[in-house]
Amino acid sequence: MSVTPVDTETLRARIAELMPGIRADLEALTRIPSVSLDAFDQAQVEASAAATADLFEAEGFDVEIVREGGRPAVIARKEGPEGAPTVLLYAHHDVQPPGAENLWDSPAFEPTERDGRLYGRGAADDKAGIMAHLAAVRAHGDALPVNLVVFVEGEEEIGSESLPATLAAHGDKLAADAIVLADSTNWDIGEPALTTTLRGLIRVVVTVSTLSHGIHSGMFGGAVPDAITALIKLLATLHTEDGEVAVVGLDAGTASELPYDEARLRAESGLLDGVGLIGRGPLLDRIWAKPSITTIGIDAPSVATASNTLVPSASAKVSMRLAPSQDPDTAYDLLRAHLLEHAPWGAQVEVHLDDKGEGFAADATGPMYDAARAAFADAWGHPPVDIGVGGSIPFVAAFAERFPQAALLVTGVEDPDTRAHGANESLHLGEFEKVCLAEAALLSRIAALGAPGA
335 MSVTPVDTET LRARIAELMP GIRADLEALT RIPSVSLDAF DQAQVEASAA
385 ATADLFEAEG FDVEIVREGG RPAVIARKEG PEGAPTVLLY AHHDVQPPGA
435 ENLWDSPAFE PTERDGRLYG RGAADDKAGI MAHLAAVRAH GDALPVNLVV
485 FVEGEEEIGS ESLPATLAAH GDKLAADAIV LADSTNWDIG EPALTTTLRG
535 LIRVVVTVST LSHGIHSGMF GGAVPDAITA LIKLLATLHT EDGEVAVVGL
585 DAGTASELPY DEARLRAESG LLDGVGLIGR GPLLDRIWAK PSITTIGIDA
635 PSVATASNTL VPSASAKVSM RLAPSQDPDT AYDLLRAHLL EHAPWGAQVE
685 VHLDDKGEGF AADATGPMYD AARAAFADAW GHPPVDIGVG GSIPFVAAFA
735 ERFPQAALLV TGVEDPDTRA HGANESLHLG EFEKVCLAEA ALLSRIAALG
785 APGA
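First residue of the sequence shown: 335, per the numbering used here; consecutive thereafter.
Okay, structure coming up:
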């Protein structure tokens, strides 16, 4: 069956009426410090899952909390009209660690409004995604136009390790004609976007050893290499002089042709005056479609506690983002071979795979994508642009593999100043209202298409 879409202005008025309650519920979720890393209190992740489940249960959904060897995920289902399409709504309720408290202008887990933005860890990534789904549900009330399945994951920020097991155990409950994954970004304030490509990810820990034990730097320095210097020298081989990735054999793609200049990149990234850019080619190619390598952590004696010692062993965590087409296992083999081949001074080098995730490239055509573009135009007054995202969202590839016939619509609640994962993460409240309206309109427009094959 198919139905006539609900009038946009009716939905707009309904969303405006709902926003105070949506915001209150978002703030309550944000106050739960649901960091999924092992070093943090996992009772808070359990509390976050329970709070999310309660929100959907209050809207008449059949809800369960599932655990397949990992953090708790919420699955909720509510039936629409007989014969209507089925839409799966994805978000995640776990968040990144807050980081150093002194870097925040207000407490990380106390949502605070400043200049039209709501600040707090998870206020955008991705508890706003949960609340966008809930706003769309509330906007339609008892007249839900489609069958809805909601899947809210609890370990996205640590790599979704148990997601394959969850899909294997509960995949039949999650089958849908369209999947809306609300964990990306928009192009700018006032400029909506559909994310059509994502880079993949390899994360490794490389350990360099030069000695069986620490020794006096004065007595042996100058003849015997220390592990920290050897590690630094090894890491330096990962880039050419101009900052291009030096690992040979990796895929490199091209990105959408959108206006994006160096001034905007500098403003959005907070690059310091005088610091040059790295890499070659168009900027969007560099951050969306080509590989990049970043050292994100080093284990070595701290400056405050260091002694005059040649350090015997040191480790670094290296994150490599991959072109959307790149096979992660092939990329790991190439990175590992490079690190072993470039071991300085014969140092012993060990490379351990910490995490991996596939990239994603959508065929952004067809009725579902047309419906999404029309729904964005309903909310913003003009259609979205297609963008890539340089970050990795491993569950997207997992869902694409498990549900190959479903249209994957990767939408977002963020904007270039959201600072997800960093201090002072925030949500632009005006844009968030448009996000909620767009999703409510999308459900209505998908309903009008009817179920595939109906």
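Backbone N, C-alpha and C fix where the C-beta goes; we use that ideal spot for every residue, glycine too.
- The beta-carbon separation of His426 and Val486, rounded to 6 Å, stays under the 8 Å limit for a contact.
- In the three-state scheme derived from DSSP, where H, G and I count as helix and E and B as strand, Arg620 is classed as helix.
- Counting along the chain, Gly534 sits inside the beta strand (DSSP E) bounded by residues 534-543.
- Annotation: Glu380 to Gln430 spans about 15 Å, alpha carbon to alpha carbon.
- Around the CB of His672, 16 or more other CB atoms lie within 10 Å, so the residue is classed as buried.
- Trp521 and Val645 have their alpha carbons spaced roughly 46 Å apart.
- DSSP links Gln682 through a beta bridge to Ser543.
- The three-state reading of DSSP puts Ser494 in coil, since its state is none of H, G, I, E or B.
- Around the Cβ of Met654, a 10 Å sphere holds 16 or more other Cβ atoms; the residue is buried.
- Residue range 561-570 is occupied by the alpha helix (DSSP H) that includes Thr563.
- Boundaries for Phe395: no beta strand (DSSP E) harbours it, and the DSSP string shows neither H nor E there.
- 8 Å or more divides the Cβ of Gly488 from the Cβ of Pro367.
- Between Ser494 and Gly403, the CB-CB gap reaches or exceeds 8 Å.
- Looking from the CA of Glu393, the closest CA among Ile612, Arg365, Phe554, Ala473 belongs to Ala473.
- Take the alpha-carbon of Thr699 and the one of Val400: they are about 34 Å apart.
- When DSSP states are grouped into helix, strand and coil, Ser368 belongs to the coil group.
- Annotation: the continuous alpha helix (DSSP H) that includes Glu735 extends over 728-736.
- Between Gly456 and Ala362, the alpha-carbon positions lie close to 11 Å from each other.
- When C-alpha distances from Glu351 are compared across Ala373, Pro441, Ala469, the shortest belongs to Ala469.
- Glu773 and Gly454 have their C-alpha atoms roughly 23 Å apart.
- Taking the Cβ atoms as the reference, His550 lies roughly 52 Å from Thr446, outside the contact range of under 8 Å.
- C-alpha of Asp560 to C-alpha of Ala634: approximately 11 Å in a straight line.
- In the DSSP assignment, Ser647 falls within the unbroken beta strand (DSSP E) covering 647-656.
- Contact between Phe737 and Ala510 holds: their C-beta atoms lie close to 7 Å from each other, under 8 Å.
- In this structure Val558 is exposed. Its beta-carbon is surrounded by fewer than 16 other beta-carbon atoms within 10 angstroms.
- In the DSSP annotation of this structure, Ser641 is not part of any beta strand (DSSP E), being labelled neither H nor E.
- Counting only unbroken stretches of 3 or more residues, the beta strand (DSSP E) elements lying wholly within the stretch 439-479 are 446-448, 451-453, in sequence order.
- When secondary structure is reduced to three states using DSSP, Asp751 falls in the coil class, being assigned neither helix nor strand.
- Distance from the CA of Gly691 to the CA of Val340, rounded to the nearest whole angstrom, comes to 39 Å.
- At a Cβ-Cβ threshold of 8 Å, Leu452 and Leu761 count as neighbours.
- In this structure, Lys768 is the residue among Thr752, Val369, Lys768 with its C-alpha nearest to the C-alpha of Pro718.
- One alpha carbon belongs to Ile356, the other to Ala458, and they sit about 13 Å apart.
- Residue state for Arg357 is assigned as helix, using DSSP reduced to three classes.
- Asp517 and Gly548 have their alpha carbons spaced roughly 46 Å apart.
- In its chain, beyond the 5 residues on either side, Thr588, Ala589 have a beta carbon closer than 7 Å to the beta carbon of Asp619.
- The beta carbon of Thr420 is closer than 6 Å to those of Asn481, Ala510, Asp511 in its chain, skipping five residues each way along the sequence.
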